[in-house]
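Asks: This is the structure I want to talk about, given as structure tokens.
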Amino acid sequence: METAIHLLTVLLLPLVLRGVINKTKAAFAGRVGPPLLQPFYDVIRLAQKDSVISETTGWVFRAGPVVGLATVLLASLLAPFGRESAPVSFSGDVFLFVYLLALGRFFMAIASLDTGSAFEGMGVTRELTFSALAEPALFFGFLVMASLSRSLSLSEMLGESFGPQWQTSSASLVLVLVSWFIILLAENSRIPFDDPNTHLELTMIHEVIVLDHSGPALAMILYGASVKLLLFCSLIVQMLSPFDSGYALVDAGVFVVETLVLAAFIGVIESTMARLRMPDVPRLLVTACVLSAFGIILLPH
Amino acid sequence: MFTLTTLLELVLLLNFFVLGASRLRTAVNLVAVQGMLLGAAPLWLEHGPRVVLLSLGTMAVKGILIPRLLLYAMRDQTIGPEFRPAGGFIASLLLGAVGTGASLWFGGTLPLHNGEHSQLIVPASLATTFAGFVMLFTRVKTISQSLGYLVLENGVFIFGLLLIEAVPAMVEIGVLLDLIVAVFVMGIIIQHINRELDPLEVQHLSSLKE
Amino acid sequence: MNLLMASIAMIAVSGLPGAVLDKRRLGGQFLATLFSAAGSICGLYAVGRWLAAGGQSDLRIPWTLVPGADFHVGLDGLSAAFLLPIFLISMLGSIYGQGYWRQSEHAENGRKLRLFYGLCAAGMASLVVARNSVVFLFGWEVMALGAFMLVATEDDQPSVAEAGWLYLVATHAATLTLFGLFGALWAICGTFDLPADGSKLAPAAANTVFVLALLGFGFKAGIMPLHVWLPSAHANAPSHVSALMSGVLIKMGVYGFLRVSSFLPEPPLWWGGLLLALGVVSGVIGLAFAVAQQDFKRLLAYSSIENIGIIFIATGLALLGRATHRADWVLLGMGGAVWHVWNHALFKALLFYCAGSVIHAVETREINLLGGLGKRMPWTAFCFVVGATAVCGLPPLNGFVSEFLIYVGLFGTLGIPDAGATLPAAALAAPGLALIGALAVACYATAMAGIFLGAPRSSRVEHAHEARWTMLAPMFALAGGCVFVGLAPGVVAPAIDPAIAAWTSAAPGGSELAAALIPLAERAPLGWLSALGLSLVAMLALGGVVLAARLRPRFVSSSVTWGCGYVAPTARMQYTSTSFSEILTGLFRWALGPRVNRPKIDELFPQSASFASSVPDSVLERVIRPGLNWIAERILWFRVFQQGNVRAYLFYMFAALVLLLIWPH
Chain X
1 METAIHLLTV LLLPLVLRGV INKTKAAFAG RVGPPLLQPF YDVIRLAQKD SVISETTGWV
61 FRAGPVVGLA TVLLASLLAP FGRESAPVSF SGDVFLFVYL LALGRFFMAI ASLDTGSAFE
121 GMGVTRELTF SALAEPALFF GFLVMASLSR SLSLSEMLGE SFGPQWQTSS ASLVLVLVSW
181 FIILLAENSR IPFDDPNTHL ELTMIHEVIV LDHSGPALAM ILYGASVKLL LFCSLIVQML
241 SPFDSGYALV DAGVFVVETL VLAAFIGVIE STMARLRMPD VPRLLVTACV LSAFGIILLP
301 H
Chain Z
1001 MFTLTTLLEL VLLLNFFVLG ASRLRTAVNL VAVQGMLLGA APLWLEHGPR VVLLSLGTMA
1061 VKGILIPRLL LYAMRDQTIG PEFRPAGGFI ASLLLGAVGT GASLWFGGTL PLHNGEHSQL
1121 IVPASLATTF AGFVMLFTRV KTISQSLGYL VLENGVFIFG LLLIEAVPAM VEIGVLLDLI
1181 VAVFVMGIII QHINRELDPL EVQHLSSLKE
Chain G
2001 MNLLMASIAM IAVSGLPGAV LDKRRLGGQF LATLFSAAGS ICGLYAVGRW LAAGGQSDLR
2061 IPWTLVPGAD FHVGLDGLSA AFLLPIFLIS MLGSIYGQGY WRQSEHAENG RKLRLFYGLC
2121 AAGMASLVVA RNSVVFLFGW EVMALGAFML VATEDDQPSV AEAGWLYLVA THAATLTLFG
2181 LFGALWAICG TFDLPADGSK LAPAAANTVF VLALLGFGFK AGIMPLHVWL PSAHANAPSH
2241 VSALMSGVLI KMGVYGFLRV SSFLPEPPLW WGGLLLALGV VSGVIGLAFA VAQQDFKRLL
2301 AYSSIENIGI IFIATGLALL GRATHRADWV LLGMGGAVWH VWNHALFKAL LFYCAGSVIH
2361 AVETREINLL GGLGKRMPWT AFCFVVGATA VCGLPPLNGF VSEFLIYVGL FGTLGIPDAG
2421 ATLPAAALAA PGLALIGALA VACYATAMAG IFLGAPRSSR VEHAHEARWT MLAPMFALAG
2481 GCVFVGLAPG VVAPAIDPAI AAWTSAAPGG SELAAALIPL AERAPLGWLS ALGLSLVAML
2541 ALGGVVLAAR LRPRFVSSSV TWGCGYVAPT ARMQYTSTSF SEILTGLFRW ALGPRVNRPK
2601 IDELFPQSAS FASSVPDSVL ERVIRPGLNW IAERILWFRV FQQGNVRAYL FYMFAALVLL
2661 LIWPH
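Chains as they are written, first to last, in our numbering: chain X, 1 to 301; chain Z, 1001 to 1210; chain G, 2001 to 2665.
Right under this line is the structure:
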């Protein structure tokens, strides 16, 4: 039962999140914006189209989107939504979670480099460097979580109610929260790191990596990126959520609502901030690292 | 009575004469005499036909063959018969004297058994070796350096006399081989040096300096 | 045991028959490969049999060479764990060399290479089974000198000669330190035996032994800052030699360190902490250097330094476990270390064989001249992808398993899962390990792209052809090994437990800690990793089938790469390896010290100019060379004694003699 809810969430929620973000940005700009379910229509439309593939590419290019999607879906099986455990949970699954996302990133990177284009090269360099700086921040946060929950499983770290921990170690948790939010923005190519609306040279990171993909492959990428957004949102939502009603469906509903609120918040951030200059990005990421490092240091033992 | 001790005393005297000799010919002849004396030395220590033969052979090599080679080398060269060692003769003689005195003193203090034949073997050996060394680093001409090497060999030979009962054949053969090698080397070197350099002066061999 | 010694002897002489044949005869190479492979197979069988069933494991022959030292060799868990990679990689390397360094193509140095290859491998195997410092040092020197001759195979090229020289200096610095180490052990413990009796070591002596071991074995292992010889040696050696060196030789430093540290008593906390710090620094800075390299074999060499860093992190964790009596940390630390030794041997050898295949095809090591080789050398490219995925520690391959163990161990220092002694400071190495992993992804993605992907950057790629089957077979074997160990870690884990037990029980008072060790397969959820790995493979297959159906030719049209409307892209528009690494080189500028030769442009219409950038090794160029030059200038004063005058030298001899005579009085 819980597994079914979980899978349904993974199937449907990510694209809705994307729609919410776009609607929020449109509202800030005084526009009506695309329909809420526009990302669904985009994926379906792309899946029906033909592909145009560069003659420079080989099998790596075609494999990239598949790996990206498969890894992200498998990782979603490890992440808890709501107060239930994830479908798959064992001690140490947090490491598998992070490294599955890294596997997806690696293959997307080499897939895009297969095109031999300067645009992709630029995007990949930036993406890989910034992700490298983001990983330690993620792990510092996990150290805090692991220490508080005395467990190495995501379901146990984030699945249980977070009320008591907020009372005892609120300082650490706030730092980790801020740091993880910055990582969310970085890994999902949101402003202030990247502008998902443009392909301009100045802003390109993720959007340019997928520049040469088309048709069904692009549909896979779009969907996979949305699931990744959901996963990172879930990390934060789980931390913030103090409720535990005891009923799976209610908890799932609460989770969905909170995630949509977070998505709207991301939309607000994107609308009110400007994109950072490229040299400032590493600085912000290192700040995120330092914040979460202080999170673990301030933790009372 | 012409004992071994007397012979060794003669050898020590000859050291001084060699150190003080100003004419090359004289020096070569003196070293030849020293060699002859030492060649005869084993006869005091052991008896038997083998020893006699070996003794005669050593005397021939040390006393006749090598000096002849050296004289032959000298005849072909345009070497002046005089030579002046670094520091002058007085310094060499004094060094030799100090060395001899020190060896006599050392001979008593070092834990070396002299054997029942003579108390002078160890001191004489040390003194002759030192004299040879002094010649090596004070003499300027290559021929006289070779003489210094020969005197050094004589000193080592004297020490070998101590082992004559323990390891009889080895000592002699070793010494003879040493001599043969030294002779060959000296011969070849002198030949080559003669071809390359005009006056046989050691100073010219300083190309190792950076 | 006898079988083991016989196999070592067979490997040692494998190069000999070929060496005595004339260089134009080609049969010698085949003989060498045959002997080497046969010896390795016998050795692997012997070790496997011992691991499975136990058995006689000691051999002692009285030997009068050094008094007090017999020819004592033995097999225990630790030795067995290190023997397996030695035999495997040396055998695969011989087979690879059959295609890569053919006698017909390299007549001058082929026989020398094979002779010393066998000797080096045999030296390594003997030092691993040595139970005696003298035998250990004997094997060590044979290995070190054999490796020197291997590195300097093509020493008619000046860069190779210089690399060989640097290697020789470093390895002899290591050997000197080891002489000091084993001398100190002999003086304190009274015997040459390894493992020695650690209870005789007072804390100060134990600290000295630890530092000496870290220095001596660290030189060989290549931990920073003792790594200076590694990049140039591994880059300039023939590729299968580089594979042997990176995959196995530097692990001999790890083995020596593990062996010596196993019997040291009561380690203080700073030992483990120092190793953790050194490991993280080596990993991060090593990768920073790797990303900045334009020579892909140097890149792989720096990556080896990074992996040694990971192994040292794991070893540090194990030492901390010994210090705090936490069997858990020892289990995961040592397990992770030994497993990573195996993993690294597998994937680094694979990567170097791919590199060799590329060099064989295009005869250059510069990434900036390559590109698009994936189309011409598909199998090599595939193996490189497998190797790169493994080295970044990505699931479902083997690299992930060892890093997983290390992560679980490091997080365990926070007191998870049970309460007990905690050392939260050690857990800070975990984000360091994460940074290392992410930087590795950056490094290998750019290496892969620069060599195999995109369009060719120069004409050298035109003549590239796929490697011969004798070169591909070892690559496939290793790739298969990576996949197998990654997907079935539960099968491999029981082979590592003896090594952990051997290391823990050798210390004085270690048997109680050893008794608390549980099998690795029980402690870590290896079954879950298998299951999820297989499901990932299944999902990839499914996704691949679905996408392939939609990428059938009637649904696909071909075009040039999209350049925002620019329809005439050229290969020169691609990012070069220097461009890839620019951001990271900038971020790590403080450690890398890049040298940039920028043209000065001060006119309106500048004519041609050139730009050059390079990242030489900082420790070598900024610390060691200037330091040695400074010492050389100070020593110049002593030249006054070298007059060139023969008589002066004779006087020195005389003075020495007189001094010796006077001195006792």
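Don't be surprised by glycine CBs; every beta carbon is placed ideally from N, CA and C.
Between V176 of chain X and the ligand ATP, is the CB less than 7 Å from at least one heavy atom?
Replies: No copy of the ligand ATP occurs in the structure displayed, which carries no ligand at all.
Asks: Mind listing the chain X neighbours of I2416 of chain G? Cutoff is C-beta to C-beta under 8 Å, in chain order.
Replies: A146, S147, R150, S151, L152
Asks: Measuring alpha carbon to alpha carbon, tell me which residue in Z:P1042, Z:F1017, Z:V1018 is nearest F1157 of chain Z.
Replies: Z:P1042
Asks: Taking only beta-carbon positions, decide if P136 of chain X is within less than 8 Å of chain G.
Replies: yes
Asks: At 4 residues or longer, what runs of the alpha helix (DSSP H) sit wholly inside the stretch 2328-2403 of chain G?
Replies: 2373-2376, 2378-2391
Asks: Pairing CB atoms from the stretch 2229-2249 of chain G with CB atoms from the stretch 2351-2358 of chain G, are three or more of them under 8 Å?
Replies: yes
Asks: Along chain G, in chain order, which residues have C-beta atoms closer than 8 Å to that of F1133 of chain Z?
Replies: L2650, M2653, F2654, L2657
Asks: Which residue's Cα is closest to the Cα of S91 of chain X: G:F2555, G:L2587, G:G2565, G:E2522?
Replies: G:E2522
Asks: Starting from the beta carbon of L2661 of chain G, find every residue of chain Z whose beta carbon is closer than 7 Å, and list them in chain order.
Replies: Chain Z residues near L2661 of chain G: F1106.
Asks: Beta-carbon within less than 6 Å of L1095 of chain Z's beta-carbon, same chain only, minus the 5 sequence neighbours each way: which residues are those?
Replies: Around L1095 of chain Z: V1134.
Asks: Is Q2574 of chain G close to chain X? Criterion is C-beta to C-beta, closer than 8 Å.
Replies: Chain X, which has a Cβ nearer than 8 Å to the Cβ of Q2574 of chain G, makes this yes.
Asks: Output the distance between the C-alpha atoms of M2475 of chain G and I2367 of chain G, rounded to the nearest integer angstrom.
Replies: When rounded, the distance between both Cα atoms is 21 Å.
Asks: Going by beta-carbon coordinates alone, are T9 of chain X and A264 of chain X separated by less than 8 Å?
Replies: no
Asks: Assuming L2230 of chain G contacts L2181 of chain G under a Cβ cut-off of 8 Å, what Cβ separation, rounded to an integer in Å, is found between them?
Replies: That pair is no contact at about 21 Å.
Asks: Would you say M157 of chain X faces chain G, with C-beta separation under 8 Å as the test?
Replies: no
Asks: Closer than 7 Å, Cβ to Cβ, to anything on chain G: give me those residues from the stretch 1134-1149 of chain Z, in chain order.
Replies: Under the 7 Å Cβ criterion, the stretch 1134-1149 of chain Z contributes L1136, F1137.
Asks: Compute the Euclidean distance between the alpha carbons of L1093 of chain Z and L1037 of chain Z, then round it to the nearest angstrom.
Replies: 22 Å
Asks: Determine the direct distance from the alpha carbon of R275 of chain X to that of H2172 of chain G, and round the result to whole angstroms.
Replies: So the two alpha carbons sit approximately 55 Å from each other.
Asks: Using a Cβ-Cβ cutoff of less than 7 Å, which residues in the same chain neighbour V2408 of chain G once the five nearest sequence positions on both sides are dropped?
Replies: Non-local beta-carbon contacts of V2408 of chain G in its own chain, meaning distances under 7 Å to residues more than five positions away in sequence, involve L2332, A2524 in chain order.
Asks: Any contact of the stretch 2399-2408 of chain G with the stretch 95-114 of chain X, i.e. 3+ C-beta pairs under 8 Å?
Replies: yes
Asks: Can you confirm whether V178 of chain X, when its beta carbon is compared against all beta carbons of chain G, has any partner nearer than 8 Å?
Replies: no
Asks: For H2325 of chain G, which three-state DSSP category applies?
Replies: DSSP, read as helix, strand or coil, puts H2325 of chain G in coil.
Asks: Can you pull the chain Z residues whose beta carbon is under 7 Å from the beta carbon of R2634 of chain G, in chain order?
Replies: Here the premise fails: no neighbours, minimum Cβ distance about 17 Å.
Asks: Here's a check: name, in chain order, each residue in its chain whose Cβ is nearer than 8 Å to the Cβ of R2622 of chain G, leaving out the five neighbours to either side.
Replies: G2593
Asks: Is DSSP giving V88 of chain X helix, strand or coil here?
Replies: Looking at V88 of chain X - three-state DSSP - the assignment turns out to be coil, as it is neither helix nor strand.
Asks: Jot down the residue ranges of each uninterrupted alpha helix (DSSP H) in the stretch 124-185 of chain X, minimum 4 residues, whole runs only, in chain order.
Replies: 154-159, 163-168
Asks: Name the chain X residues that come within less than 8 Å of C2392 of chain G, Cβ to Cβ?
Replies: A102, F106
Asks: For the alpha helix (DSSP H) containing D93 of chain X, name the first residue and the last one.
Replies: Its alpha helix (DSSP H) spans residues 93-113.
Asks: Please list the partners that I53 of chain X has in chain G, where partner means a Cβ-to-Cβ separation under 9 Å.
Replies: L2551, V2556, S2557, S2558, S2559
Asks: In whole angstroms, give me the CA-to-CA distance for F2257 of chain G and G2510 of chain G.
Replies: 17 Å
Asks: Examine chain Z for any beta-carbon lying closer than 8 Å to the beta-carbon of R2114 of chain G, and answer yes or no.
Replies: no
Asks: Taking its Cβ as the centre, do 16 or more other Cβ atoms sit within 10 Å of A2053 of chain G, making it buried, or is it exposed?
Replies: exposed
Asks: Considering only C-alpha positions, which residue in the set Z:L1010, Z:L1069, Z:G1020 is nearest to A1040 of chain Z?
Replies: Z:L1010
Asks: Of all the options G:N2629, G:L2587, G:G2415, which has the alpha carbon lying nearest to the alpha carbon of D280 of chain X?
Replies: Ranked by how close their Cα comes to the Cα of D280 of chain X, the residues G:N2629, G:L2587, G:G2415 have G:L2587 in first place.
Asks: Helix or strand or just coil, what does DSSP make of A2612 of chain G?
Replies: strand
Asks: Residues of chain X with a CB under 8 Å from the CB of A2571 of chain G: which are they?
Replies: G116
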